[in-house]
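What follows is the structure, encoded as C-alpha cells:
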C-alpha cells in the first residue's frame with residue numbers, strides 16, 4: 084500500500100479526538116468511525132463497565148490496533164469536568180477534534196449537588212466547561228474542530244436566566260428542560276464560533292435525527308414514555324444518527340466552516356432565537372457564572 088492510499092483509507096491518522104458519551108448510541112458509533120479513520124480516540128464514559136465494553140466492541144469491529152483511551156467522568160458535575168480536562172491536558176499535548184455528544188433526557192426534577200437542574204448541567208454547562216477548559220489544547224492543533232450534538236427540540240426552547248426558576252419544582256417539565264438545554268447548545272456554538280473567528284478552530288452543532296438510543300429516562304412521566312414508544316417505529320438507527328457527527332469531524336468539505344447548524348450533513352436553518360447575538364452573549368456570561376470558568 085502506498086503512502087497516499089494509506090492516507091486515503093486513514094484520513095484522520097495522527098489526529099486526536101475526544102468523544103463524550105462514547106459508551107453507546109451515536110457516541111459509540113462516532114468513536115468507532117473516527118478510530119476506523121485512523122484517529123486516536125479518547126472515549127469519555129460515565130460507567131466503567133459500559134466504557135470497557137464499548138472499547139472492546141470497537142476493537143472487535145475495526146481491529147485490535149485501534150488507538151482508544153478510556154476516561155471516566157460523570158459530566159453532570161463541573162468539578163468532574165475540571166478533573167477530566169486536567170487529565171486530558173496532562174496526557175495529550177493537543178486535541179484535533181472535540182465531539183460534545185453526551186446528553187440526557189431528564190426524568191423527574193433532579194438537582195445536582197452543585198445546585199443545577201440535571202439536564203442543564205449535563206447537556207449545557209458540561210459542554211461549556213469542557214470546551215473552554217480544552218481550548219488551549221485545541222488551539223495547539225493545526226486545524227481543530229468542535230462539534231456539539233444539539234436537537235430540533237431547540238425550536239421549543241427558551242433560556243431561563245434564573246437558576247431558581249429553572250429549579251422550581253412546581254413549574255418543572257422534563258421536556259421543556261431538555262428543549263432549553265438544546266437551545267443553549269446552539270447559542271453556545273454560535274457565540275463560540277464568533278469568539279474563535281480569527282483562529283484555526285471551528286465550532287459547529289448538529290441535529291442527529293430522531294435516533295433510537297433509549298434517551299428517555301426510566302423516571303420520565305407516563306406521557307413522555309407513551310410519546311417515545313409511539314414515535315419509536317419512525318426513529319433511525321444510531322448508525323444513521325451518527326453520520327452528521329462523523330462528517331463534521333472528518334470531512335475535508337467542512338474545513339473552515341464554522342458557526343453552522345447541520346442536519347443530514349448539510350447546513351440547516353435554526354430558530355431565530357438561537358441566532359440572537361445579544362441572547363448568546365447573555366447565555367455565555369450566565370454560563371461563566373454558573374461554572375466558574377472565565
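Residue numbers (the working numbering): 84 to 377.
Built from N, CA and C at the ideal position, the CB exists for glycine as well.
So residue i and residue j are supposed to be a Cβ contact under 8 Å. How far apart are they, rounded?
i: residue 283; j: residue 179; result: In fact, because the Cβ distance is near 11 Å, the residues do not count as touching under 8 Å.
i: residue 233; j: residue 289; result: 6 Å
i: residue 118; j: residue 149; result: 5 Å
i: residue 109; j: residue 184; result: 6 Å
i: residue 129; j: residue 155; result: 7 Å
i: residue 275; j: residue 229; result: 7 Å
i: residue 209; j: residue 171; result: Going by Cβ atoms, the distance from residue 209 to residue 171 rounds to 14 Å, so no, they are not a contact pair.
i: residue 153; j: residue 126; result: 5 Å
Tell me whether residue i sits in a helix, a strand or coil according to DSSP, three-state version.
i: residue 216; result: helix
i: residue 271; result: helix
i: residue 199; result: coil
i: residue 361; result: helix
i: residue 330; result: helix
i: residue 229; result: strand
i: residue 259; result: helix
i: residue 286; result: strand
i: residue 335; result: helix
i: residue 102; result: strand
i: residue 378; result: No information on residue 378 is available, as it lies outside the stretch 84 to 377 that the chain covers here.
Look at the alpha carbon of residue i and the alpha carbon of residue j, and state the distance between them as a whole number of angstroms.
i: residue 348; j: residue 231; result: 14 Å
i: residue 255; j: residue 144; result: 42 Å
i: residue 182; j: residue 361; result: 26 Å
i: residue 346; j: residue 292; result: 7 Å
i: residue 252; j: residue 376; result: 27 Å
i: residue 137; j: residue 104; result: 11 Å
i: residue 95; j: residue 334; result: 10 Å
i: residue 339; j: residue 285; result: 6 Å
i: residue 123; j: residue 212; result: 23 Å
i: residue 160; j: residue 319; result: 31 Å
i: residue 193; j: residue 269; result: 23 Å
i: residue 372; j: residue 177; result: 27 Å
i: residue 266; j: residue 244; result: 13 Å
i: residue 368; j: residue 191; result: 28 Å
i: residue 146; j: residue 250; result: 46 Å
i: residue 350; j: residue 264; result: 21 Å
i: residue 273; j: residue 364; result: 10 Å
Do the region 351-366 and the region 232-240 meet, that is, are 3 or more Cβ pairs less than 8 Å apart? yes
The region 217-230 contacting the region 269-283, beta-carbon criterion three pairs below 8 Å: yes
Quick test of the definition: if touching needs 3 or more C-beta pairs under 8 Å, does the region 183-203 touch the region 244-264? yes
Is the number of C-beta pairs between the region 324-332 and the region 100-117 that are closer than 8 Å three or more? yes
Note down, one range per segment and in chain order, each alpha helix (DSSP H) of at least 4 residues found wholly within the region 157-200. 161-174
Minimum length 3: unbroken beta strand (DSSP E) runs contained in the region 108-164: 123-128, 151-155
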